[in-house]
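Colleague: Heads up: the sequence lines are chains A and B, in that order.
Positions 85 to 503 (our numbering) are the ones given, in order, by the first sequence.
Positions 85 to 503 (our numbering) are the ones given, in order, by the second sequence.
Glycine included, C-beta positions come from ideal geometry on N, C-alpha and C.
Number of protein chains: 2
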Amino acid sequence: MNSIDNLIESMGKKALAASENLRAVTSQTKNQALLNIAKNIDNNRDIILQENNKDLSNGKKNGLDDALIDRLMLNNERIDSIIESLEQIIALPDPIGEITDLRYRPSGIQVGKMRVPIGVIAIIYESRPNVTIDATALCLKSGNAVILRGGSEAINSNIALYKCVEQGLVQAKLVKDTVQIVEITDRKVVSALANADKYIDTIIPRGGKALIETVVNNAKVTVIKHLHGVCHTYIDKFADTKKAIDIAFNGKARRYGVCNATETLLVHKAAANRILPDLIDKFLKKEVELRGCDKTIKFSQQIIKATEEDWSTEYLSAILSIKIVDSINDAISHIDKYGSNHTESIISDNYTRLREFMMKVDSSSVMINASTAFADGFEYGLGAEIGISTDKFHARGPVGLEGLTSQKYVVFGDGHIRD
Amino acid sequence: MNSIDNLIESMGKKALAASENLRAVTSQTKNQALLNIAKNIDNNRDIILQENNKDLSNGKKNGLDDALIDRLMLNNERIDSIIESLEQIIALPDPIGEITDLRYRPSGIQVGKMRVPIGVIAIIYESRPNVTIDATALCLKSGNAVILRGGSEAINSNIALYKCVEQGLVQAKLVKDTVQIVEITDRKVVSALANADKYIDTIIPRGGKALIETVVNNAKVTVIKHLHGVCHTYIDKFADTKKAIDIAFNGKARRYGVCNATETLLVHKAAANRILPDLIDKFLKKEVELRGCDKTIKFSQQIIKATEEDWSTEYLSAILSIKIVDSINDAISHIDKYGSNHTESIISDNYTRLREFMMKVDSSSVMINASTAFADGFEYGLGAEIGISTDKFHARGPVGLEGLTSQKYVVFGDGHIRD
Chain A
85 MNSIDNLIES
95 MGKKALAASE
105 NLRAVTSQTK
115 NQALLNIAKN
125 IDNNRDIILQ
135 ENNKDLSNGK
145 KNGLDDALID
155 RLMLNNERID
165 SIIESLEQII
175 ALPDPIGEIT
185 DLRYRPSGIQ
195 VGKMRVPIGV
205 IAIIYESRPN
215 VTIDATALCL
225 KSGNAVILRG
235 GSEAINSNIA
245 LYKCVEQGLV
255 QAKLVKDTVQ
265 IVEITDRKVV
275 SALANADKYI
285 DTIIPRGGKA
295 LIETVVNNAK
305 VTVIKHLHGV
315 CHTYIDKFAD
325 TKKAIDIAFN
335 GKARRYGVCN
345 ATETLLVHKA
355 AANRILPDLI
365 DKFLKKEVEL
375 RGCDKTIKFS
385 QQIIKATEED
395 WSTEYLSAIL
405 SIKIVDSIND
415 AISHIDKYGS
425 NHTESIISDN
435 YTRLREFMMK
445 VDSSSVMINA
455 STAFADGFEY
465 GLGAEIGIST
475 DKFHARGPVG
485 LEGLTSQKYV
495 VFGDGHIRD
Chain B
85 MNSIDNLIES
95 MGKKALAASE
105 NLRAVTSQTK
115 NQALLNIAKN
125 IDNNRDIILQ
135 ENNKDLSNGK
145 KNGLDDALID
155 RLMLNNERID
165 SIIESLEQII
175 ALPDPIGEIT
185 DLRYRPSGIQ
195 VGKMRVPIGV
205 IAIIYESRPN
215 VTIDATALCL
225 KSGNAVILRG
235 GSEAINSNIA
245 LYKCVEQGLV
255 QAKLVKDTVQ
265 IVEITDRKVV
275 SALANADKYI
285 DTIIPRGGKA
295 LIETVVNNAK
305 VTVIKHLHGV
315 CHTYIDKFAD
325 TKKAIDIAFN
335 GKARRYGVCN
345 ATETLLVHKA
355 AANRILPDLI
365 DKFLKKEVEL
375 RGCDKTIKFS
385 QQIIKATEED
395 WSTEYLSAIL
405 SIKIVDSIND
415 AISHIDKYGS
425 NHTESIISDN
435 YTRLREFMMK
445 VDSSSVMINA
455 STAFADGFEY
465 GLGAEIGIST
475 DKFHARGPVG
485 LEGLTSQKYV
495 VFGDGHIRD
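1. Whose Cβ in chain A lies nearer than 8 angstroms to the Cβ of B/E463?
2. Let's see if you can read the secondary structure: which residues bound the alpha helix (DSSP H) around B/F367?
3. What do you reckon, are the CB atoms on B/E182 and B/R199 nearer than 7 angstroms?
4. Can you check which of these residues, B/H500, B/D324 and B/L360, is closest to A/I329 by C-alpha distance?
5. Since B/I193 and B/G497 are thought to touch, with beta carbons under 8 angstroms apart, how far apart are those beta carbons, to the nearest angstrom?
6. If you compare alpha carbons, which of B/K476, B/E392 and B/G252 is closest to B/N128?
7. Can you check whether the C-beta of B/I284 is within less than 7 angstroms of a C-beta belonging to chain A?
8. Compare the C-alpha of B/T391 against each of B/D378, B/S401 and B/D324 and name the closest.
9. So for B/E237, helix, strand or coil by DSSP?
10. Going by CA-CA distance only, name the one from B/F441, B/K370 and B/L232 that's closest to B/M205.
11. Short of 8 angstroms in beta carbon distance, which residues of its chain neighbour B/G96, apart from the five on each side in sequence? Order them along the chain.
12. What do you reckon, is the C-beta of B/K123 under 6 angstroms from a heavy atom of the ligand FMN?
13. Exposed or buried, A/N86, counting other C-beta atoms within 10 Å across all chains shown (16 or more means buried)?
14. What did DSSP end up calling A/K326 once you bin it into helix, strand or coil?
15. So, at 6 angstroms on beta carbons, what are the nonlocal neighbours of B/D433 in its own chain, with the 5 sequence-adjacent residues on each side left out?
16. For A/K492, does the three-state DSSP call read helix, strand or coil?
17. Express the C-alpha separation of B/I431 and A/V195 in angstroms, rounding to a whole number.
18. Should B/I131 and B/G143 be called a contact, given that it needs their Cβ atoms to be closer than 7 angstroms?
19. Residues of the stretch 442-471 of chain B in Cβ contact with chain A at a cutoff of 7 angstroms, in chain order, please.
20. Going by beta carbon distance, what residues of the same chain come within less than 7 angstroms of B/V445, once the five residues before and after it are set aside?
21. Considering only their Cβ atoms, is the gap separating A/L100 from A/N136 smaller than 7 angstroms?
22. Does A/I207 have its Cβ less than 7 angstroms from a Cβ in chain B?
23. With A/L106 as the anchor, note down where its beta strand (DSSP E) starts and where it stops.
24. So with Cβ pairs under 7 angstroms, would you call A/A101 a contact of chain B?
25. Quick test of the definition: if touching needs 3 or more C-beta pairs under 8 angstroms, does the stretch 465-481 of chain A touch the stretch 302-311 of chain A?
26. Return the chain-ordered list of same chain residues with a C-beta closer than 8 angstroms to the C-beta of A/N146, the five sequence neighbours on each side being excluded.
27. Tell me which residue opens and which closes the alpha helix (DSSP H) that A/S384 is part of.
28. Apart from the five residues on each side of it in sequence, which residues of its chain come closer than 6 angstroms, Cβ to Cβ, to B/I268?
29. If we count Cβ pairs, one from each stretch, closer than 8 angstroms, do we get three or more for the stretch 291-301 of chain B versus the stretch 380-397 of chain B?
30. Quick check on the burial criterion: 16 or more other C-beta atoms within 10 angstroms. Buried or exposed for B/G487?
31. Pick out whichever of B/R437, B/L404 and B/E463 has its Cα sitting closest to the Cα of B/S449.
32. Using a Cβ-Cβ cut-off of 7 angstroms, state whether A/I202 counts as contacting chain E.
33. Let me see if you follow: with CB-CB separation under 7 angstroms, is A/V25 close to chain B or not?
34. What does a CB cutoff of less than 6 angstroms around A/I364 pick up in its chain, not counting 5 residues either side in sequence?
35. Determine, using beta-carbon pairs with one atom in the stretch 253-265 of chain A and one in the stretch 216-226 of chain A, whether at least three such pairs fall under 8 angstroms.
36. Is B/P201 near B/L485, with beta carbons less than 7 angstroms apart?
This is the structure:
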């Protein structure tokens with residue numbers, strides 16, 4: 085065992101002990117810790133910005149591009165929004181201990197389900213320092229111990245923010261091992277965490293596809309993840325013209341770099357002439373590059389012919405692929421074949437077809453007459469999200485506090501024995 | 085790729101296609117298929133018993149022990165109970181399509197969760213032929229395609245039962261690939277199934293620890309399993325004497341070979357003199373072997389001294405380990421250290437201590453003043469169970485129809501776009 089494995093084992097043991105302690109910590113104490121953290125961040129703005137400056141100048145020296153530098157950068161406004169997100173999580177109801185479906189059984193026992201923490205969670209993230217606090221807040225509020233491993237480019241910012249966390253925990257009389265941060269930036273840390281299944285219950289990679297694939301391919305620990313979001317908007321034969329144009333445009337063009345952006349537009353052949361000309365015009369004016377099937381490219385010379393690869397590509401940029409389909413079943417088959425089980429939307433006024441799409445499409449979110457851009461923890465009312473899962477197990481779709489919990493059965497008897 | 089991998093890939097593809105078809109199949113059709121299967125079994129008793137006889141005589145030839153032969157054996161009574169379990173599953177409500185938590189959000193969209201099938205499930209089991217039908221019924225009712233892989237010793241019985249399934253599916257106009265059985269008995273099939281993550285969503289091993297470990301160690305596919313059940317009953321300082329004796333005795337001695345049997349009894353030091361003498365007497369009369377800590381062995385010369393290994397052993401037989409603890413916290417620490425997160429019970433009349441035990445014990449079932457023997461899908465009202473999961477993810481505790489499903493988000497808008 086090398087020194088990194090030793091370090092992770094030692095952190096894992098401490099986290100496990102802290103998680104056992106956390107099971108019965110009251111909401112009041114957890115919220116107090118979060119409030120302390122918010123105050124500590126507010127009081128230490130100068131140090132945090134100073135440490136962030138170190139990361140920024142290192143980043144520039146190492147030739148990070150502007151987008152990465154922007155993600156890395158903190159300022160007073162961004163610190164305000166970190167504090168605000170802490171306040172939002174404090175205001176959320178505590179999921180832990182909730183008992184549901186408590187019912188008497190014929191034997192006389194009462195059986196229900198109690199919501200409980202998962203245990204120990206490792207979060208692996210990239211350049212945004214605010215994840216240090218967001219992840220801490222969501223894990224702590226849901227009663228989990230957490231091991232943080234941020235990107236090496238943000239290490240000074242992350243450690244400065246972590247000091248506010250550590251102090252806030254101690255002020256609330258919680259053990260500081262409740263939240264730990266890996267301070268060494270060696271990449272081997274990622275696979276060491278992914279293999280520490282004796283101590284870590286789940287690992288959540290937040291970042292690009294390469295990071296997520298590294299974690300998944302190495303993981304003995306359960307991973308909550310989504311690999312990519314190839315989201316579809318399907319304009320049905322019976323779509324309202326205005327709703328179709330608004331929703332398809334919003335799904336793609338609201339923001340390009342997000343996983344819930346529409347990447348492929350499917351249009352029923354009977355709706356194409358009615359809807360596509362205006363919609364194509366709108367996209368081209370917005371300088372969205374369009375790649376279409378044989379039928380689609382006839383609508384404009386500016387549309388490039390799509391390749392087979394296009395249908396399964398998550399562009400994350402101002403590019404949209406468009407395919408004209410013969411039927412709703414062809415649309416669903418296309419989604420089954422090329423989609424990523426993230427989010428798909430149908431635009432139609434036909435009740436039967438809406439029901440069919442909703443039952444048959446196997447995605448973490450299925451939408452009716454609404455933009456794929458709504459696939460988001462805040463929009464769904466989760467209060468905050470740690471990511472969007474495209475897996476079918478455990479958490480699916482936006483993962484908020486509840487996705488960081490499990491349920492156990494609780495049984496109440498009064499001397500009951502089984503025949 | 086060898087021929088077994090090819091076979092499993094081909095079966096996996098067919099199962100995936102069948103599962104896509106199953107998503108929108110009505111409850112009526114699924115129940116009709118189950119009813120057909122029940123009728124076909126009833127009409128083919130002679131053939132089934134004849135094929136079972138082949139397995140029995142092969143088993144005897146191969147020197148299978150009496151317990152295994154008994155598990156393998158079918159007779160008219162056991163066929164009756166297979167048919168009865170089909171009827172019970174037909175009577176259960178269909179979990180698929182249920183939408184819960186549907187709420188309006190400030191944006192005007194409605195967001196809810198819809199219960200959907202997992203997709204394709206592989207079940208690996210050992211000698212009991214009835215699992216062929218139980219697993220079929222639970223998977224089909226929950227909208228999943230299934231690949232069955234029973235024990236080689238029961239292959240003729242399983243194929244005879246499977247023919248009733250195949251015919252029942254076709255009679256209900258469902259594709260027969262909805263349920264498939266692996267007819268070759270090569271052990272490599274197990275790891276081929278566990279690695280077919282392109283087609284199979286989850287694998288459920290039902291059998292001994294060796295089988296489950298083989299699956300887990302090989303699996304790329306998500307596994308629903310429990311490795312073992314080291315269940316504890318804790319008799320608190322404030323336990324009622326009669327309830328404590330009844331519940332502890334029932335937890336251990338009701339049945340020995342089951343995963344919910346109490347394997348270790350923890351007794352608060354202040355309750356030991358009051359409760360242990362009668363309880364020990366009761367166990368010894370029942371010929372339960374007792375293995376105790378230093379304090380426990382003083383209660384009877386017939387109690388053997390427990391070794392360190394005893395505390396983590398699932399006896400599955402007429403053996404019980406007993407430890408006297410200094411406090412409720414010592415009891416909980418013992419469970420954390422040696423338990424298997426299956427089922428633990430506390431006997432106490434003290435409200436504060438019951439609350440503490442319930443919050444702090446991290447098991448799939450936590451019981452208050454009730455026998456661990458109640459940890460069972462039927463007792464919990466699930467209608468049927470495919471196993472008991474000691475994992476924290478997805479299904480935890482007894483796994484019934486709901487444990488074979490997932491949830492997706494559904495969003496209803498009427499032209500809604502995001503700001």
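Modeller: Concretely, from the data shown:
1. Along the second sequence, one-based indexing puts residue 463 of chain B at 379. R189, S191, I193, V195 and R502, listed in chain order.
2. For the purposes of this step, residue 367 of chain B is taken as residue 283 along the second sequence, with counting starting at 1. Element bounds for B/F367: K353 to K369.
3. Mapped onto the second sequence, residue 182 of chain B falls at position 98. Mapped onto the second sequence, residue 199 of chain B falls at position 115. Yes; because the gap between Cβ atoms is below 7 angstroms, this pair is in contact.
4. Position 245 of the first sequence holds residue 329 of chain A. Comparing Cα-Cα distances from A/I329 to each of B/H500, B/D324 and B/L360, the minimum goes to B/H500.
5. Residue mapping note: residue 193 of chain B aligns to position 109 of the second sequence, counting from 1. Residue mapping note: residue 497 of chain B aligns to position 413 of the second sequence, counting from 1. The pair is a contact, with the Cβ atoms about 5 angstroms apart (cut-off 8 angstroms).
6. To locate residue 128 of chain B, count along the second sequence from 1; it is residue 44. Out of B/K476, B/E392 and B/G252, B/G252 has the C-alpha closest to the C-alpha of B/N128.
7. As a first step, residue 284 of chain B is located in the second sequence; it is residue number 200 there, counting from the start. By this cut-off, B/I284 is not an interface position.
8. Locating residue 391 of chain B in the second sequence gives position 307, where the first residue counts as 1. Checked all of B/D378, B/S401 and B/D324; the closest Cα to B/T391 is B/D378.
9. By one-based count along the second sequence, residue 237 of chain B stands at place 153. It is helical.
10. Indexing the second sequence from 1 puts residue 205 of chain B at position 121. Just to set this straight, residue 205 of chain B is Ile in the shown sequence, not Met. Cα-wise, what sits closest to B/I205 is B/L232.
11. The count along the second sequence starts at 1 and reaches residue 96 of chain B at position 12. Result list for B/G96: V204, I231, A280, K282, Y283 and I284, in chain order.
12. As far as ligands go, the structure on display features none, and thus does not contain the ligand FMN.
13. Within the first sequence, numbered from 1, the residue matching residue 86 of chain A stands at position 2. A/N86 is exposed by the Cβ-count criterion.
14. Position 242 of the first sequence, counted from the start, is the residue given in the question as residue 326 of chain A. Residue state, collapsed to three classes: helix.
15. Along the second sequence, read from residue 1 onward, the residue named residue 433 of chain B stands at position 349. Within the same chain, B/D433 has close Cβ partners F322 and D324.
16. Locating residue 492 of chain A in the first sequence gives position 408, where the first residue counts as 1. DSSP places A/K492 in strand when its eight states are reduced to three.
17. The count along the first sequence starts at 1 and reaches residue 195 of chain A at position 111. The count along the second sequence starts at 1 and reaches residue 431 of chain B at position 347. Each residue's Cα considered, the two are about 17 angstroms apart.
18. The residue labelled residue 131 of chain B in the question sits at position 47 within the second sequence. The residue labelled residue 143 of chain B in the question sits at position 59 within the second sequence. Going by C-beta atoms, B/I131 is not nearer than 7 angstroms to B/G143.
19. M442, M443, K444, D446, S447, S448, S449, V450, M451, I452, N453, A454, S455, A457, F458, E463, Y464 and G465
20. Position 361 of the second sequence holds residue 445 of chain B. Closer than 7 angstroms at the Cβ level, and outside the excluded window around B/V445, lie I416, I419 and E428.
21. Counted from its first residue, the first sequence places residue 136 of chain A at position 52. Counted from its first residue, the first sequence places residue 100 of chain A at position 16. Not closer than 7 angstroms, so no.
22. What you label residue 207 of chain A is simply residue 123 of the first sequence in a count that begins at 1. So no, A/I207 is outside the interface.
23. As a first step, residue 106 of chain A is located in the first sequence; it is residue number 22 there, counting from the start. Looking at the DSSP string, A/L106 is not in any beta strand (DSSP E); the run it does join, the alpha helix (DSSP H), is S87 to L106.
24. Stepping through the first sequence from its first residue, residue 101 of chain A is reached at position 17. So no, A/A101 is outside the interface.
25. yes
26. Here residue 146 of chain A corresponds to residue number 62 of the first sequence, with the count starting at 1. Excluding sequence neighbours, A/N146 sits near E237.
27. Counting from one through the first sequence, the residue named residue 384 of chain A turns up at place 300. Here A/S384 belongs to no alpha helix (DSSP H), and DSSP marks it neither H nor E.
28. For the purposes of this step, residue 268 of chain B is taken as the residue at position 184 of the second sequence. Once the five neighbours on either side are set aside, B/I268 has no close Cβ partner at all.
29. no
30. Here residue 487 of chain B is taken as the residue at index 403 of the second sequence, counted from 1. It counts as buried.
31. Counting from one through the second sequence, the residue named residue 449 of chain B turns up at place 365. If we check each option's Cα against that of B/S449, B/E463 comes out closest.
32. Protein chains A and B are contained in the structure displayed, whereas chain E is not.
33. Here chain A comprises residues numbered 85 to 503, so residue 25 of chain A is not present and cannot be evaluated.
34. Counted from its first residue, the first sequence places residue 364 of chain A at position 280. So the qualifying residues of the chain are F383 and S384.
35. yes
36. For the purposes of this step, residue 201 of chain B is taken as the residue at position 117 of the second sequence. For the purposes of this step, residue 485 of chain B is taken as the residue at position 401 of the second sequence. Contact: no.
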